[in-house]
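Asks:
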Amino acid sequence: MALVQQSSPHARRARPTPRVMLWVILAALPGLLAQTLFFGWGNLINVVWCIALALGSEAAFLKLRGKPVAFFLRDNTAAVTGLLLGLSLPQFTPWWVSGIAVVSAIVVAKQLYGGLGSNPFNPAMVGYALALISFPVAMTTNWAEAATLWGGAPGFGETLAKIFTGGQTAVDGWTMATPLDEYKHKIASHTSVEVLGHPTFGNLIARGWEWVNLAFLAGGVLLIALRIITWHIPVAFLAGIAAMSLAFGSNADQYAPLQLHLLAGGTMLGAFFIATDPVSAATSHQGKLIYGAGIGVLVYLIRSWGNYPDAVAFSVLLMNFAVPFIDHYTPPRTYGHHKARRGVPGRSGG
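Sequential numbering of the sequence shown, starting at 3, is according to our numbering.
Quick look at the structure:
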């Protein structure tokens, strides 16, 4: 009887990168659809623009490096980076701000490190964080007011014109602070009942945002079911936020309640589509749990006591820094062997 000679785990069927990335794109479509239905055409336009620019930037830089352009573009990773940025950016982000974010993600965070598999940081989050720090007005005043396509959202032509005029000034009546931003800045002088009575929150949790997050949750569950990603990072991410909220945020008159942390902002997008980047995330199951929990804790800390109402990008990038350390101390056990011990050289117990 023939036995497999490689160490565990054993891959029974190849998972080509293009197919994996295509499933990620398909799983994100429900979230994009929800964004479009509840916030207008902005995210859809951003996604198309960001993907086109990501593909163009990668092709140009591959050409400069003397690499086969078509071969590398077919892996769909540049398209995923553009997709994630288009989903993350405010709906009315000026085209040049999203352009800088995309080029920074592809050229600086990915290609200058050697391309796919060599980047230590999540490219999309590098681009997002750079845009947020460099252009804070454009990145905080261009969030669309929750208004359905059939109930008051700006038309496609109006949205397209707004994005490609290059102006940073938000259009009155089209924009509104995000629920996390609204709660963070109003709770210091109002009660939770008064804050939650603002139109931003609607009749449920966070007017429109809850449906967007639930749509990304559904897409993320699909990725887990297909074994494109494992459950470890998303569950640890959400558990980290929940644990911090239960420990420090039980008073809704001081801090945002747990349901707002989970179903507003980019929580589900971050948990299932951003933090699970296979290149920049931890590798072992134990390492993924530590990595995901660390992101969740940082998200809560920055949202509650930092300067930014949402914090997925910064939290992911900070934990990317820690990945080599996490991987060193959480190596997977090879079948038939004891788990390797990690510690200070020359030290022994006793």
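Yeah, the Cβ is synthetic: ideal placement off N, Cα and C, and Gly gets one too.
#1: Indicate the three-state DSSP secondary structure (helix, strand or coil) for T177 in the structure shown.
#2: Within 10 angstroms of the Cβ of V139, are there 16 or more other Cβ atoms? Answer buried if so, exposed if not.
#3: Of all the alpha helix (DSSP H) runs that stay within the bounds of the region 294-337, which reach a length of 4 or more residues?
#4: Take the Cβ of L219 as the centre, count every other Cβ of all protein chains shown within 10 Å, and call the residue buried at 16 or more, exposed below.
#5: Is there contact here, the region 119-128 with the region 143-155, by at least three beta-carbon pairs under 8 Å?
#6: Between which two residues does the alpha helix (DSSP H) carrying L89 extend?
#7: How would you write the range of the alpha helix (DSSP H) that G58 sits in, first residue to last?
#8: DSSP three-state label for A146, please.
#9: Mind checking T171: buried by the 16 CB within 10 Å criterion, or exposed?
#10: Leaving out five residues on either side along the sequence, give the residues of the same chain with a beta carbon under 6 Å from the beta carbon of R17.
#11: Would you tell me roughly how many angstroms separate the C-alpha atoms of F74 and Y293, rounded to the nearest one?
#12: Counting pairs of beta carbons, one from the region 94-106 and one from the region 237-253, are three or more of them closer than 8 Å?
#13: For H234, is the classification buried or exposed, using 16 other Cβ atoms within 10 angstroms of its Cβ as the cut-off for buried?
#14: Buried or exposed: which applies to P70, given that a residue is buried once 16 or more other Cβ atoms fall within 10 Å of its Cβ?
#15: So, helix, strand or coil for S252, using DSSP?
#16: Classify R305 as buried or exposed, calling it buried when 16 or more other Cβ atoms lie within 10 Å of its own Cβ.
#17: Would you check if the distance between the CB atom of A146 and the CB atom of G44 is smaller than 8 Å?
#18: Rounded to whole angstroms, what is the Cα-Cα separation between A217 and P20?
#19: Classify Y257 as helix, strand or coil using the three-state DSSP reduction.
#20: Classify G289 as buried or exposed, calling it buried when 16 or more other Cβ atoms lie within 10 Å of its own Cβ.
#21: If you count every other CB in all the chains shown that lies within 10 Å of the CB of T232, and 16 or more means buried, which is it?
#22: When you compare only the Cα positions, how much space is there between A72 and V281?
#23: Quick test of your reading: I243 and L264, contact by CB under 8 Å. State the CB separation rounded to the nearest angstrom.
#24: Would you mind reading off the limits of the alpha helix (DSSP H) that contains A227?
#25: If I'm right that T202 touches T177 with Cβ under 8 Å, what's the distance once you round it to whole angstroms?
#26: Would you call the region 115-125 and the region 269-285 touching, i.e. three or more CB-CB distances under 8 Å?
#27: Helix, strand or coil: how does DSSP classify W98 here?
#28: Report the CB separation of A81 from L57 in whole angstroms; it is logged as a contact under 8 Å.
#29: Tell me whether the beta-carbon of I189 lies closer than 8 Å to the beta-carbon of V195.
#30: Count the other C-beta atoms from every protein chain shown that fall within 10 angstroms of the C-beta of L86, then say buried if there are 16 or more, exposed otherwise.
#31: Mapping the DSSP letters down to three states, classify Q288 as helix, strand or coil.
Replies: In this structure, then:
#1: Taking the first residue of the sequence shown as position 1, residue 177 is located at position 175. Here T177 sits in strand by DSSP.
#2: For the purposes of this step, residue 139 is taken as residue 137 along the sequence shown, with counting starting at 1. That one is exposed.
#3: 314-331
#4: Residue 219 sits at position 217 when you count from the first residue of the sequence shown. By the Cβ neighbour-count rule, L219 is buried, with 16 or more other Cβ atoms within 10 Å of its own.
#5: no
#6: Here residue 89 refers to the residue found at position 87 when the sequence shown is read from its first residue. T79 to S90 is the extent of the alpha helix (DSSP H) around L89.
#7: Translated into the one-based positions of the sequence shown, residue 58 becomes position 56. Where G58 is concerned, the enclosing alpha helix (DSSP H) stretches over G44 to R67.
#8: Numbered from its first residue, the sequence shown carries residue 146 at position 144. Reduced to three states, the DSSP call for A146 is strand.
#9: Working through the sequence shown from its first residue, we reach residue 171 at position 169. Model confidence at T171 stands at a pLDDT of 46, short of 50, so the residue's coordinates are unreliable; what they give is reported in the following sentence. The residue in question, T171, is exposed, as its Cβ has fewer than 16 Cβ neighbours within 10 Å.
#10: Residue mapping note: residue 17 aligns to position 15 of the sequence shown, counting from 1. Closer than 6 Å at the Cβ level, and outside the excluded window around R17, lies no residue.
#11: As a first step, residue 74 is located in the sequence shown; it is residue number 72 there, counting from the start. As a first step, residue 293 is located in the sequence shown; it is residue number 291 there, counting from the start. Answer to the nearest angstrom: the Cα atoms are 29 Å apart.
#12: no
#13: Counting from 1 along the sequence shown, the entry for residue 234 is found at position 232. Under this definition H234 is a buried residue.
#14: Within the sequence shown, numbered from 1, the residue matching residue 70 stands at position 68. Result: exposed.
#15: Locating residue 252 in the sequence shown gives position 250, counting from the first residue. S252 sits in coil when the DSSP states are folded into three classes, being neither helix nor strand.
#16: Start at 1 with the first residue of the sequence shown, and residue 305 comes out as number 303. By the 10 Å Cβ count, R305 comes out buried.
#17: Working through the sequence shown from its first residue, we reach residue 146 at position 144. Working through the sequence shown from its first residue, we reach residue 44 at position 42. Going by C-beta atoms, A146 is nearer than 8 Å to G44.
#18: As a working mapping, residue 217 is identified with position 215 in the sequence shown. As a working mapping, residue 20 is identified with position 18 in the sequence shown. Approximately 23 Å, taken between the alpha carbons.
#19: Looking up residue 257 in the sequence shown gives position 255. DSSP places Y257 in coil when its eight states are reduced to three.
#20: Position 287 of the sequence shown holds residue 289. Buried, since its Cβ has 16 or more Cβ neighbours within 10 Å.
#21: For the purposes of this step, residue 232 is identified with residue 230 of the sequence shown, where counting begins at 1. Counting Cβ neighbours within 10 Å, T232 comes out exposed, since fewer than 16 surround it.
#22: Position 70 of the sequence shown, counted from the first residue, corresponds to residue 72. Position 279 of the sequence shown, counted from the first residue, corresponds to residue 281. The straight-line gap from Cα to Cα measures roughly 21 Å.
#23: Residue 243 sits at position 241 when you count from the first residue of the sequence shown. Residue 264 sits at position 262 when you count from the first residue of the sequence shown. Confirmed, Cβ separation roughly 7 Å.
#24: The residue labelled residue 227 in the question sits at position 225 within the sequence shown. That run of the alpha helix (DSSP H) goes W211 to A227.
#25: Taking the first residue of the sequence shown as position 1, residue 202 is located at position 200. Taking the first residue of the sequence shown as position 1, residue 177 is located at position 175. T202 to T177, Cβ: 11 Å. No contact.
#26: Note that the region 115-125 touches the region 269-285; at least 3 beta-carbon pairs, one per stretch, sit closer than 8 Å.
#27: As a working mapping, residue 98 is identified with position 96 in the sequence shown. Here W98 sits in helix by DSSP.
#28: For the purposes of this step, residue 81 is taken as the residue at position 79 of the sequence shown. For the purposes of this step, residue 57 is taken as the residue at position 55 of the sequence shown. Indeed, because the Cβ distance is near 6 Å, the residues count as touching under 8 Å.
#29: Within the sequence shown, numbered from 1, the residue matching residue 189 stands at position 187. Within the sequence shown, numbered from 1, the residue matching residue 195 stands at position 193. Result no, Cβ atoms of I189 and V195 do not sit closer than 8 Å.
#30: In the sequence shown, counting from the first residue as 1, residue 86 sits at position 84. So L86 ends up on the buried side.
#31: Position 286 of the sequence shown, counted from the first residue, corresponds to residue 288. For Q288, the secondary structure class from DSSP, reduced to helix, strand or coil, is helix.
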